[in-house]
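Comments concern the structure below.
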Amino acid sequence: MSDDTKRSKPSEKMIELRLPSKLGYERVAMDAAASLASRMGFETDRVSALKTAVSEAVTNAIEHGNQHDEAMKVVVLLTVRGDELIVSVTDQGHKTIDEAYVSRVPQISEAMKRDDKGGWGIWLIQELMDEVEFTTAPSGGNQVRMVIHLER
Amino acid sequence: MHNGQTSIELIFPSILGYEIIARRVVATFANFVGFDQARIDDLKTAVSEACINAIEHGNQLQPHLPVYITSSYDGHRFAVEVSDTGTNPLAIIKEPKTIEEKLAGAASLRGMGMMLMAALADEFIVEPSAAPGNTVRLIWYQCEVAHT
Numbered sequence: 019m020s021d022d023t024k025r026s027k028p029s030e031k032m033i034e035l036r037l038p039s040k041l042g043y044e045r046v047a048m049d050a051a052a053s054l055a056s057r058m059g060f061e062t063d064r065v066s067a068l069k070t071a072v073s074e075a076v077t078n079a080i081e082h083g084n085q086h087d088e089a090m091k092v093v094v095l096l097t098v099r100g101d102e103l104i105v106s107v108t109d110q111g112h113k114t115i116d117e118a119y120v121s122r123v124p125q126i127s128e129a130m131k132r133d134d135k136g137g138w139g140i141w142l143i144q145e146l147m148d149e150v151e152f153t154t155a156p157s158g159g160n161q162v163r164m165v166i167h168l169e170r
Numbered sequence: 011m012h013n014g015q016t017s018i019e020l021i022f023p024s025i026l027g028y029e030i031i032a033r034r035v036v037a038t039f040a041n042f043v044g045f046d047q048a049r050i051d052d053l054k055t056a057v058s059e060a061c062i063n064a065i066e067h068g069n070q071l072q073p074h075l076p077v078y079i080t081s082s083y084d085g086h087r088f089a090v091e092v093s094d095t096g097t098n099p100l101a102i103i104k105e106p107k108t109i110e111e112k113l114a115g116a117a118s119l120r121g122m123g124m125m126l127m128a129a130l131a132d133e134f135i136v137e138p139s140a141a142p143g144n145t146v147r148l149i150w151y152q153c154e155v156a157h158t
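Read top to bottom, the protein sequences are chains A and B.
Okay, so the first sequence: first residue is 19 according to our numbering, each after it adds one.
Okay, so the second sequence: first residue is 11 according to our numbering, each after it adds one.
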């Protein structure tokens, strides 16, 4: 159990998921987040947005943070706090996220000229979630904290 | 193609309904490593039962007590361990009542979980955890185990 899980407040409900750094396992995190969000009452389109954001965050952690090292874990924390769902994705920090990527807005015209059409993940996460924060976890890895609010 | 052992871990609070999330996580994992839908349906039912037992009996419905799940796959054997942190041992009923007896009112309508898990998994073990609590171990093999 991570330190964050131990620190959860009585009013919070926290789920911790630890995944191997292998592409494809992001689907496990997507389905866990979707299942919890549906239970909280989020509409289908919001659940779809959450799944996309979680998929991008976990894929980034596997590919960049943990450099596909299957022995390294990606930790996904899902916290229910009132009407908001907080999703935190942490890698073990083989490689830190370049700050320029966090504020960059990718251009489709430029992307189409490149062989590699990637590089949209961080922008997508920021577009889809209500709050997004990129930090360094106490363990030293990259941490993406995403919040989605339930509108009633 | 699967190489080596892979595992995932899940920790969730002892709240009824959260077993649905656990069930989905394990089912997605099983689907990813190539289990067919019929086996996944068995697995989902058995994992749900193990989680509900852990929440209700082992952890006595205390939300702050976590339920731990470790699921692993080595290319052949898919294992799910569900552990609670309570001190209430899970009783194994040696001679369970039949469904007919239960429907006739001779026994509680509850208490079918252990039988279900034993019937649905290739191997089913209940044992005390190293730490206080109980561990239910459910195992499925990718190829059916030959019964003699």
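Note that beta-carbon positions come from the ideal geometry of N, C-alpha and C, so glycine has one too.
The model shown is predicted, which means the values in this text are computed figures rather than measured ones.
Check	Outcome
So with Cβ pairs under 9 Å, would you call serine 17 of chain B a contact of chain A?	yes
Residues of chain A with CB closer than 8 Å to the CB of phenylalanine 42 of chain B, please, in chain order.	Gly42, Tyr43, Arg45, Val46
I need the straight-line Cα distance from leucine 53 of chain B to alanine 131 of chain B, nearest angstrom please.	7 Å
Counting only Cβ pairs nearer than 8 Å, list the residues of chain A close to proline 8 of chain B.	No answer is possible for residue 8 of chain B: the residues shown for chain B start at 11 and end at 158.
Along the beta strand (DSSP E) that carries glutamate 81 of chain A, what are the first and last residues, could you check?	Careful: glutamate 81 of chain A lies outside any beta strand (DSSP E) and carries neither H nor E.
Here's a check: name, in chain order, each residue in its chain whose Cβ is nearer than 6 Å to the Cβ of alanine 79 of chain A, leaving out the five neighbours to either side.	Val92, Val107, Asp109
What is the DSSP secondary structure of methionine 125 of chain B, counted as helix, strand or coil?	helix
Given a threshold of 16 other Cβ atoms within 10 Å of its Cβ, counted over all protein chains shown, does valine 155 of chain B qualify as buried or as exposed?	Residue placement at valine 155 of chain B cannot be trusted, given a pLDDT of 49 that sits under 50; what the coordinates show is reported in the next sentence. By the neighbour-count rule (16 or more Cβ atoms within 10 Å), valine 155 of chain B is not buried but exposed.
Just to confirm the assignment, what range does the alpha helix (DSSP H) spanning glutamate 29 of chain B have?	29 to 42
Can you pull the chain B neighbours of alanine 50 of chain A, defined as C-beta to C-beta under 7 Å?	Ile31, Arg34, Val35
Would you list the residues sitting across from serine 106 of chain A in a DSSP beta bridge?	A:Leu95, A:Arg163
Quick one: does phenylalanine 160 of chain B have its CB under 9 Å from some CB of chain A?	Look at the range of chain B in this structure, 11 to 158, and you will see that residue 160 of chain B is not part of it.
Along chain B, which residues have their Cβ under 7 Å away from the Cβ of methionine 19 of chain A?	Ile21, Pro76
Pull up the CB-CB distance for threonine 95 of chain B and leucine 75 of chain B, whole angstroms please, since I reckon it's below 8 Å.	5 Å
Terminal residues of the continuous beta strand (DSSP E) containing threonine 154 of chain A?	149 to 154
Taking glycine 27 of chain B as the reference, which of B:Ala48, B:Phe42, B:Ala64 has the closest Cα?	B:Ala64
So, at 7 Å on beta carbons, what are the nonlocal neighbours of phenylalanine 134 of chain B in its own chain, with the 5 sequence-adjacent residues on each side left out?	Met127, Ala128, Leu148
What are the boundary residues of the beta strand (DSSP E) that includes isoleucine 18 of chain B?	16 to 23
Expressed to the nearest angstrom, what Euclidean distance is found between the alpha-carbon atoms of methionine 11 of chain B and aspartate 46 of chain B?	Legend: pLDDT at methionine 11 of chain B = 46, less than 50; position of this residue unreliable, value from coordinates given subsequently. Methionine 11 of chain B and aspartate 46 of chain B: Cα-Cα distance of roughly 15 Å.
Is there at least one Cβ from chain A nearer than 9 Å to proline 142 of chain B's Cβ?	no
Can you find the residues in the same chain that come closer than 6 Å, C-beta to C-beta, to arginine 64 of chain A, ignoring five residues on each side of it along the sequence?	none
Please state the DSSP three-state secondary structure of alanine 71 of chain A.	helix
Thinking threonine 145 of chain B and glutamate 91 of chain B are a contact (beta carbons under 8 Å), I'd like their distance in whole angstroms, please.	6 Å
Verify the CB distance criterion: does glycine 96 of chain B have a CB-CB separation below 9 Å to chain A?	no
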